[in-house]
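Protein chains in written order, with numbering that gives the first Met the number 0: chain A, 0 to 108; chain B, 0 to 140.
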Amino acid sequence: MTEPTIRISMPATAKAGERILIKTLISHPMETGRRRDGEGKLVPQDILRTFRCSFEGEQVVGWEMSTGVAANPYVEFEVIALRSGRFAFVWEDEDGAVHSREQVIEVTA
Amino acid sequence: MVETRRTVLKFSASFVAAAVAPAGVFAKADYQPLLDDFAGGSETLTSGLLLDIPEKIEDGAFVMVSVSVTGGRAQRITILAPANPMPVVATFSLSTIVIPTLTTRVRLAGNQTVVAAARLDDGRVVYDARTVSVAVGGCGG
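As structure tokens, then:
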């Protein structure tokens with residue numbers, strides 16, 4: 000399997016207490032296990048199970064997924080920026096594969 | 000002539016009522032057990048959460064859904080689609096620095112009443128239910 004493409008959209012800087020919008024997208028087929036290929040065979044289920052966004056090691060958003068999550072899982076949410084630090088974004092496939100990205104934010108008073 | 004027309008109108012009105020009313024009843028019956036599972040015995044309220052989803056959906060494979068909690072800080076948010084093969088579509092847990100509003104994309108198998116629910120800090124559960132029609136189901140099979 001090829002490495003998925005990950006896109007993160009969030010500001011690089013913010014003022015302390017400011018609301019920042021974070022958008023994440025990962026390329027993944029989220030195969031339901033009920034779709035048939037061109038030859039009529041069922042395509043095996045292959046989905047991401049969890050997403051986790053953490054800031055400096057503490058979980059901010061957790062996401063438990065099912066086959067009802069659309070292909071190329073997308074989520075956007077708002078977080079209050081309190082201090083500078085590193086956001087980590089981690090997706091885990093049901094086969095155990097882990098995909099991750101990090102992004103730093105600089106927060107000024 | 001007038002009488003006949005009235006009779007027809009009366010008949011069609013009752014026919015429409017018969018077709019629509021049970022659908023509403025079934026919708027609640029469909030999602031209530033899922034909502035109860037999420038609530039775990041807590042009180043459930045229909046105010047304090049807004050589920051934003053198109054009423055008419057052409058492609059069930061990509062449905063943009065927004066959930067906004069207005070009733071307080073939310074610890075967990077879930078999206079339930081009773082007619083889907085896996086009805087608990089997605090569940091989010093939120094830390095104290097997250098504004099309890101999020102947008103994501105889901106699949107819907109067909110016409111159904113979609114529910115978003117949230118557990119607030121004070122333990123209450125708020126939810127919103129929206130009945131949608133789906134032209135082409137998005138769950139495969």
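The C-beta atom is built at its ideal place from N, Cα and C for all residues, glycine as well.
* Top-ranked residue by Cα proximity to residue 130 of chain B, from B:56, B:43, B:32 -> B:56
* Asked: Does DSSP classify residue 21 of chain B as helix, strand or coil?
  -> At residue 21 of chain B the pLDDT is 49, less than 50, meaning the model places this residue with poor confidence; the figure from the coordinates comes in the next sentence. Here residue 21 of chain B sits in helix by DSSP.
* To do: Report the residues of the region 93 to 113 of chain B with a CB closer than 7 Å to any CB of chain A, ordered along the chain.
  => 93, 94, 96, 97, 98, 100, 101, 102, 103, 104, 105, 106
* To do: Give the range of the beta strand (DSSP E) segment to which residue 13 of chain A is assigned.
  => 12 to 14
* Inter-residue CB distance, residue 125 of chain B and residue 67 of chain B (contact presumed, cutoff 8 Å) -> Not confirmed; about 11 Å, so no contact.
* **Residue range of the unbroken beta strand (DSSP E) whose run includes residue 22 of chain A** => 18 to 25
* **Nonlocal neighbours in the same chain, by C-beta distance under 6 Å from residue 102 of chain B, ignoring five residues either side** => 65
* With 16 other CB atoms within 10 Å as the buried threshold, where does residue 58 of chain A fall? -> exposed
* residue 8 of chain A to residue 23 of chain A span [Cα, whole Å] -> 6 Å
* **Per DSSP, the bridge partner or partners of residue 123 of chain B** => DSSP output for residue 123 of chain B lists no bridge partner at all.
* Please compile the residues from chain B whose C-beta is within a distance smaller than 7 Å of the C-beta of residue 62 of chain A. => 89, 91
* To do: Verify the CB distance criterion: does residue 7 of chain A have a CB-CB separation below 9 Å to chain B?
  => no
* Asked: For residue 79 of chain A versus residue 66 of chain A, is the C-beta distance shorter than 9 Å?
  -> no
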